[in-house]
Amino acid sequence: MSVISAPDKLRVTPDAIEEAAKLLYIRALKILPDDIKQGFFRLDSTETDGLAKSVLATMIENIAVAERTENLLCQDTGIPIFNVQIGRDVEVDGWALKQAIARGTERATREHPLRSSVVHPITRVNAHTSCGAHVPVIHIDFVETPRTLRLEMIPKGSGSENGSFLQMLIPADGLSGVKRFVVDAAIKAGGKVCPPTILGVGVGGTSDLCMHLAKVAATRPLGSVCADAEGAKLEVELSEAVNSLGIGPQGLGGDSTAFAVHVEVAATHITMNPVAVNVQCHSARRASATFTPEGVEVGF
Amino acid sequence: MAHHTLHMPCTEADIRKLRVGDTVTLQDTLFGIRDATQIHMFDRGRRTRFDLNGHAVIHTAPNVRKVEPTGTNQAGYEAVCIGTTTSDRMERFTRPLMEREGVRIIIGKGGLRDDSARAFQELGGCYLAVIGGAAALETTWITAIEDVDLDDLNPESLWRFAIRDFGPLIVGMDAHGGSLYRDVQSSVEARRAAVLAKLGA
């Protein structure tokens, strides 16, 4: 991975992006971020149900086995998602960057090898590349941080992604409608979404933005707090509520249903009150590479 | 809560001994099956050359590596990572799996619904819960990929795995109508009103 640094600009080549995309996909599948590991230890220390405790113990053992055997944590290689944050004074060919991410994803799939979990939605044909129309999913954002480009990789598992819910509530439904929707989504998802989960909640925006916010919330590190004060209050209330339902790890009963409920908010229309839920499973995988003039730092 | 070791294939009498909450370790043979496998088998009339009678199937589509066929890996595949997917999507295939193919055990995560519970009770079958997402660990219980059928559906082929000490698995649904998932769901529904009241919702 090479980073060429002009005096006042960071230049990131497509080759460097391709290598990083390949490395991050494989790394994300194998090493769970520290915040999720800590989340497991926290749940294990407070869980009161015997069966739930043994389920958590197996999950914790699996994290260690994956690291020891350098194997994937979960067999679901997911839908590959890449979040790209481009700071100021960065020179990058945006079109080439997107092609490079797809090439890196395909190489990871062929060279490791990984199961390609991606098919054409109508023919159901699997090209065995983990790629297809609009996949990898790539989100590009521009941020203020100078001479920095950050590439985040999230392999999004399907069991939890199938636990996605959107409701275009109306203003008269109020915040209580939002809360009720989240609780009912957690109940409907039950054990199918591989709890303990991070329950991502989007509030506001348009229908598509609301769903996107829910995904951002579900994939945020544990310990992070919603930037909006009202959203942050909702996170605390809903976390307690969801963990009072007794769904438990794997839906077999217990206290540990969610590591946390995360909320993201966007302004919305005077006639609208949209709410969305997207779930991240306990294999809450992420990996990132940060390019700066000093080089590339790989982390979570 | 008893622990049982079952050598595959097993009999109806073996299955009737299991009760919800018991644990089970499987030995010898296990078949991997998935959405596309069952859509092709039961909606499109495809047949397998494998004899599934008395056997266990697990809801999976593995990560594999192509290798030269050897004594233990006749199929030419080596396991990379083998785990378990959500069973609920395959609910409607429980009865045909049992009636047409003679399957006795379904292994998965997240549980199955009431139609499956009835099929298990009537025909003598059960659902064993493996911990979803614990695939690195699960892979250590699989000693070889012995054979594969319907491989045009890869990775959703019908896989035959050799296994050693596969488990412990939890009896989630038994042959007497019991379902841990139904019990938990009822208890969750019963708590819902209090949870919403506390939220002011």
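Protein chains in written order, with my numbering: chain A, 217 to 516; chain B, 665 to 865.
Glycine included, every Cβ here is placed at the ideal spot set by N, Cα and C.
Just so you know, these numbers come straight off a predicted model, no measurement behind them.
**Item:** Backbone secondary structure at C290 (chain A) - three-state DSSP
**Value:** One-based indexing of the first sequence puts residue 290 (chain A) at position 74. It is coil, neither helix nor strand.
**Request:** Output the boundary residues of the alpha helix (DSSP H) element that contains P230 (chain A).
**Result:** Within the first sequence, the letter at position 14 stands for residue 230 (chain A). That run of the alpha helix (DSSP H) goes 230–246.
**Prompt:** Are G796 (chain B) and G375 (chain A) touching if we call contact CB-CB under 8 Å?
**Reply:** Your numbering for residue 796 (chain B) matches position 132 in the second sequence. Your numbering for residue 375 (chain A) matches position 159 in the first sequence. Yes.
**Request:** Determine, using beta carbons only, whether K408 (chain A) comes closer than 8 Å to chain B.
**Result:** Against the first sequence, residue 408 (chain A) aligns to sequence position 192. Chain B, which has a Cβ nearer than 8 Å to the Cβ of K408 (chain A), makes this yes.
**Request:** Could you tell me if the beta carbon of R698 (chain B) falls within a distance shorter than 7 Å of some heavy atom in the ligand MN?
**Result:** Among the components modelled here there is no ligand, and therefore nothing to report on the ligand MN.
**Neighbour flag for T701 (chain B) against chain A, beta carbons, 8 Å** = Numbered from 1 along the second sequence, position 37 holds the residue referred to as residue 701 (chain B). Not one chain A Cβ lies under 8 Å of T701 (chain B).
**Request:** Please go through the same chain and pick out, in chain order, the residues whose beta-carbon is closer than 8 Å to the beta-carbon of L833 (chain B), but skip the five residues on each side of it.
**Result:** Locating residue 833 (chain B) in the second sequence gives position 169, counting from the first residue. Once the five neighbours on either side are set aside, the close Cβ partners of L833 (chain B) are T687, V688, T689, L690, I771, L792, A793, V794.
**Asked** Would DSSP call T508 (chain A) helix, strand or coil?
**Response** By 1-based counting over the first sequence, the position of residue 508 (chain A) is 292. DSSP places T508 (chain A) in strand when its eight states are reduced to three.
**Request:** Leaving aside the five residues before and after F784 (chain B) along the sequence, list all residues of the same chain whose C-beta is less than 6 Å from its C-beta, in chain order.
**Result:** For this step, residue 784 (chain B) is matched to residue 120 along the second sequence. Around F784 (chain B): C790, M837, A839.
**Request:** Can you tell me which of the three DSSP states R698 (chain B) falls into?
**Result:** As a position in the second sequence, residue 698 (chain B) is number 34, starting the count at 1. Correct three-state label for R698 (chain B): coil.
**Asked** Under the three-state reduction of DSSP, which class applies to A401 (chain A): helix, strand or coil?
**Response** For the purposes of this step, residue 401 (chain A) is taken as the residue at position 185 of the first sequence. A401 (chain A): helix per DSSP, three-state reduction.
**4 or more residues per run - each alpha helix (DSSP H) lying fully within the region 757–816 of chain B** = 758–765, 778–787, 799–803
**Prompt:** By the 10 Å Cβ neighbour count, where 16 or more other Cβ atoms means buried, how is M705 (chain B) classified, buried or exposed?
**Reply:** Mapped onto the second sequence, residue 705 (chain B) falls at position 41. Under this definition M705 (chain B) is a buried residue.
**Message:** Only counting the same chain, and skipping five residues up and downstream in sequence, which positions put a Cβ closer than 8 Å to that of M427 (chain A)?
**Reply:** The sequence position of residue 427 (chain A) within the first sequence is 211, counting from 1. S380, L382, G418, A492, N494, listed in sequence order.
**Prompt:** Which runs of the beta strand (DSSP E) spanning at least 3 residues fall entirely within the region 472–510 of chain A, listed in chain order?
**Reply:** 474–482, 489–496, 503–508
**Request:** Starting from Q383 (chain A), trace the beta strand (DSSP E) both ways and give me its first and last residue.
**Result:** One-based indexing of the first sequence puts residue 383 (chain A) at position 167. Note, Q383 (chain A): beta strand (DSSP E), 381–385.
**Request:** Check H704 (chain B) in the structure and name its three-state DSSP category.
**Result:** The residue labelled residue 704 (chain B) in the question sits at position 40 within the second sequence. Note: H704 (chain B) maps to helix in three-state DSSP.
**Prompt:** Residues of chain C with CB under 8 Å from S851 (chain B), in chain order?
**Reply:** Protein chains A and B are contained in the structure displayed, whereas chain C is not.
**Message:** Looking at the secondary structure, which residues open and close the beta strand (DSSP E) in which F358 (chain A) lies?
**Reply:** Within the first sequence, numbered from 1, the residue matching residue 358 (chain A) stands at position 142. Per DSSP, F358 (chain A) belongs to the beta strand (DSSP E) from 353–362.
**Helix, strand or coil at G266 (chain A) [DSSP, three-state]** = Indexing the first sequence from 1 puts residue 266 (chain A) at position 50. If DSSP states are grouped into helix, strand and coil, G266 (chain A) belongs with the helices.
**Under 7 Å from the C-beta of S499 (chain A): neighbouring residues of chain B** = Your numbering for residue 499 (chain A) matches position 283 in the first sequence. Near S499 (chain A) (Cβ distances below 7 Å), the residues of chain B are G797.
**Item:** Same chain, Cβ closer than 6 Å to V432 (chain A), five either side skipped, listed in chain order
**Value:** Indexing the first sequence from 1 puts residue 432 (chain A) at position 216. Answer for V432 (chain A): E480, listed in chain order.
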